[in-house]
Amino acid sequence: MDLIEAIAGRRAVREYTHEIVDEKTIHRLIDAAVRAPSAVNRQPWTFTIVRDQVVLDRISREAKSHMLATMPLNTQSDHFRPLLTDPNFQIFYHAPVLILISADSAGSWNVEDCALAAENLMLAAYAAGLGSCWIGFAQSFLNSSTGKNMLGIPAAWVPVAPIIVGHPKAPPPPVTRKAPKVRWID
Ligand SMILES: Cc1cc2nc3c(=O)[nH]c(=O)nc-3n(C[C@H](O)[C@H](O)[C@H](O)COP(=O)(O)O)c2cc1C
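Take a look at the structure:
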């Protein structure tokens, strides 16, 4: 697939079939992720693959409670509250797999490095006919000691990018982009 076509075509997918994503495919996505650039070529990324739906349900419940208890009161939290209090809302949209990209330490550019790996992974997923979505709702819980313990993640690691992957039920609608704010200094 042409790169620009992949960049333009990738969408956040929130409806998946029950079809599993096999190990070979997951390794292919990780191979693409680790081609990302990283500061001082540190490659701080680690990958935790979660396919156990009972674990994903549990993380979803805990992450929702954690967000409701910790998010500051503002218009954004007003927007999220109905969703987070809905017992039928699963933050991972019942996707067959979660790939959590964490940094192996709290270094200066680790978040940037892991986010670049995450975009490569999402583009590779799209090129393979799969859907993906970054689940920010999971981040603050997964960064807590309870969250790390739930996945056996070492205390020093920093979860950055929880990415769900699966077979899309239907192509998601196009999402518009704002006109970029560009300044030229000639
Ligand atoms: C850091 C980050 C966090 C996100 N968190 C969530 C999330 O918790 N739940 C969700 O449904 N989508 C989440 N998204 C997906 C965005 O809503 C989506 O990328 C955006 O609406 C643009 O749509 P597109 O990806 O289809 O272009 C997140 C995206 C990013 C980059």
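Quick note, the sequence shown lines up with residues 16 to 201 if you use my numbering. Ideal Cβ placement from N, Cα and C applies to all residues, glycine included. Predicted model, so just to flag it, every value in this text is computed and none were measured.
CA-to-CA, the gap between Leu-131 and Val-28 works out to about 19 Å.
Secondary structure note for Gly-24: its alpha helix (DSSP H) is the uninterrupted segment 18–24. Listed in chain order, the non-local C-beta contacts of Pro-59 below 8 Å within the same chain comprise Ser-53, Ala-118, Asp-119, Ser-120, Gly-122, Asn-125, Asp-128, Cys-129, local neighbours out to five positions each way being set aside. A heavy atom of ligand 1 is found nearer than 8 Å to the CB of Phe-152. In chain order, Leu-44, Ala-47 place their CB closer than 6 Å to the CB of Ala-139, counting only its own chain and leaving out the 5 sequence neighbours on each side.
Annotation for Thr-63: the continuous beta strand (DSSP E) segment containing it runs 60–65. Contact between the segment 174–186 and the segment 103–115 is present: 3 or more CB-CB pairs across the two stretches fall below 8 Å. Residue pairing of Cys-129 in beta bridges, as defined by DSSP: absent, with no partner found.
Residue state for Pro-97 is assigned as helix, using DSSP reduced to three classes. The bridge partners DSSP lists for Ala-84 come to none. Rounded to the nearest whole angstrom, the C-alpha separation of Lys-184 and Val-190 is 17 Å. DSSP places Tyr-108 outside both helix and strand once states are collapsed to three, so it counts as coil. Shown here for Ile-106: same chain residues with a beta carbon closer than 7 Å to its own, the five before and five after excluded, namely Ser-75, Ala-78, Lys-79, Ile-150, Phe-152, Ala-153 in chain order. DSSP places Gly-181 inside the beta strand (DSSP E), whose first and last residues are 173–181. Beta-bridge partners assigned by DSSP to Trp-149: Ile-178.
Taken from the Cβ of Ile-116, every heavy atom of ligand 1 lies 8 Å or farther away.
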